[in-house]
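Counted from 1, the sequence shown has number 300 at position 300 by full-length UniProt numbering; the numbering is strictly sequential. All C-beta atoms, glycine included, are put in the ideal place defined by N, C-alpha and C. Step one of this worksheet: look at the structure below.
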Amino acid sequence: MGIRQKTKGVVYAVVSAITLGILPIFATLAYKGGASSITVVFYRFLFSTIILFVYFLIKKVSFKINKEIIPSMIFASLIGYAATALTLFSSFTYISPGLATILHFIYPSLVIFLSFILFKESLSTIKVVSLILSIGGIYILVGFGDVNHNFTGVILALASGAFYSIYILSIAHSKIKNIESLLLTFYVSLFSSIGIVLFGIITKTISFEIQFISLVPTVFIAVSSIYGLVTFIIAVKLIGSSNTSILSTFEPITSIVLSTIIFKEKITINIILGTILIVMSIYGIIKEQLKANKENSISEHSNVM
Numbered sequence: 001m002g003i004r005q006k007t008k009g010v011v012y013a014v015v016s017a018i019t020l021g022i023l024p025i026f027a028t029l030a031y032k033g034g035a036s037s038i039t040v041v042f043y044r045f046l047f048s049t050i051i052l053f054v055y056f057l058i059k060k061v062s063f064k065i066n067k068e069i070i071p072s073m074i075f076a077s078l079i080g081y082a083a084t085a086l087t088l089f090s091s092f093t094y095i096s097p098g099l100a101t102i103l104h105f106i107y108p109s110l111v112i113f114l115s116f117i118l119f120k121e122s123l124s125t126i127k128v129v130s131l132i133l134s135i136g137g138i139y140i141l142v143g144f145g146d147v148n149h150n151f152t153g154v155i156l157a158l159a160s161g162a163f164y165s166i167y168i169l170s171i172a173h174s175k176i177k178n179i180e181s182l183l184l185t186f187y188v189s190l191f192s193s194i195g196i197v198l199f200g201i202i203t204k205t206i207s208f209e210i211q212f213i214s215l216v217p218t219v220f221i222a223v224s225s226i227y228g229l230v231t232f233i234i235a236v237k238l239i240g241s242s243n244t245s246i247l248s249t250f251e252p253i254t255s256i257v258l259s260t261i262i263f264k265e266k267i268t269i270n271i272i273l274g275t276i277l278i279v280m281s282i283y284g285i286i287k288e289q290l291k292a293n294k295e296n297s298i299s300e301h302s303n304v305m
């Protein structure tokens, strides 16, 4: 893989994180309009599916996929992405968007740990240090005084991180990763919307009625989800699941900053220190990537000589 490809992977991972970091803000705005979390999640996937369906028809893109990968895709969609969205968006109704997103970021450590245990993925010194810094930053950001005030919200947010680690690994270590990004996003959104609506009907928790004031931010959620999901998938393909996960720590930073600006959430010393640690962890993984790029460039030059 060339220098440009690896650098593009880093950029895509960061852009994806920032884009997805905006989602909690839109979700909270939708809730203020009276929508429930499961209704917002359903319409998020439904609108994403419709938008991509129309785009494919206009561009005359084939919807055809290998039937052999359908079970894996359904698993990734339902157990991975749909479960992630449902638990995370539900947590926003109990705790602040910033805190929920931070707790969701248990998933980088889970991805790296599971990648090492299950797939024998190497752990460089910088990657380990970056992971420790990331976990330390999240630990500081949580602040036990905030966590203890709503146990349900905390559990939901942590569960979303566990489900998301499953989603990441199911893409990185299966034939799913060979599917074109937009097409994969379409099918993930399609299967997720079906799974969410069936779950909602069975549990009698979904309502298909939604007010216009909640509809607008929900549409924005769908559009942002498409872009964030596509860029994330591209990043996983280019630089791997562990690197993408660490770089995705830009997501909680985005949520914290926007929550502070829009919802007037207080900036504490914990937020400042935690954010610094997370930024340092991101710097570490980028530095490692750039070092690898430089070494590959020298190696390629030597081979040409």
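Buried or exposed (CB count within 10 angstroms, at least 16 for buried), residue i
i           : result
Arg4        : exposed
Gly153      : buried
residue 306 : Lying before the first or after the last residue shown, residue 306 is absent from the chain, which here runs from 1 to 305.
His178      : Here residue 178 is Asn; the residue named in the question, His, does not match the sequence. Exposed is the call here.
Asn66       : exposed
Val54       : exposed
Leu229      : buried
Thr203      : exposed
Ser91       : buried
Gly200      : buried
Ser207      : exposed
Ser62       : exposed
Three-way DSSP call (helix, strand, coil) for residue i in this model
i      : result
Ser36  : coil
Glu180 : coil
Ile65  : coil
Phe186 : helix
Ile285 : helix
Ile210 : coil
Lys60  : coil
Glu121 : coil
Asn150 : coil
Lys266 : coil
Tyr94  : coil
Spatial neighbours of residue i in its chain, beta-carbon cut-off 6 Å, leaving aside the 5 residues before and after
i      : result
Val15  : Thr231
Ile234 : Tyr12 and Ser181
Gly161 : His104, Ile106 and Tyr107
Gly21  : Glu251, Thr254 and Ser255
Thr205 : Ile38
Proximity winner among the options, relative to residue i (alpha-carbon distances)
i           : options                           : result
Lys175      : Phe75, Ser130, Gly195 and Thr39   : Phe75
Gly284      : Leu110, Ile132 and Ile58          : Ile132
Pro217      : Ser207, Phe116, Lys32 and Ile117  : Lys32
Thr185      : Pro252, Lys6, Thr268 and Phe47    : Phe47
residue 311 : Ile239, Phe250, Ile262 and Phe263 : In the structure displayed, the chain extends from 1 to 305; residue 311 sits before or after that span and is not available.
Gln211      : Ile262, Ile18 and Leu29           : Leu29
Tyr227      : Leu169, Ile272 and Phe45          : Phe45
Ile117      : Thr244, Leu57, Leu169 and Val197  : Leu169
Supposed contact pair residue j and residue i - C-beta distance, whole angstroms, cut 8 Å
i      : j      : result
Gly241 : Thr101 : According to the sequence provided, residue 241 is Ser. The question's Gly does not apply to it. About 19 Å; that fails the 8 Å criterion.
Phe89  : Ser193 : Not quite, the Cβ-Cβ distance comes to about 14 Å (not below 8 Å), so this is no contact.
Ser134 : Ile278 : 6 Å
Cut-off 7 Å between Cβ atoms - residues of its own chain near residue i, not counting five sequence neighbours on either side
i      : result
Phe191 : Met73, Ile74, Ser77 and Leu78
Glu265 : Ser96, Gly98 and Ser259
Ile166 : Ile79 and Gly80
Val147 : Because Val147 sits at a pLDDT of 49, beneath the cut-off of 50, its placement in the model cannot be relied upon, and the following sentence gives the value as read from the coordinates. So the list reads Val154, once near-sequence residues are dropped.
Pro24  : Phe92, Pro97, Ala100, Thr101 and Ser255
Other residues of its chain near residue i: CB distance less than 8 Å, five sequence neighbours each side excluded
i     : result
Phe26 : Pro217, Thr218, Phe220, Ile221 and Ser224
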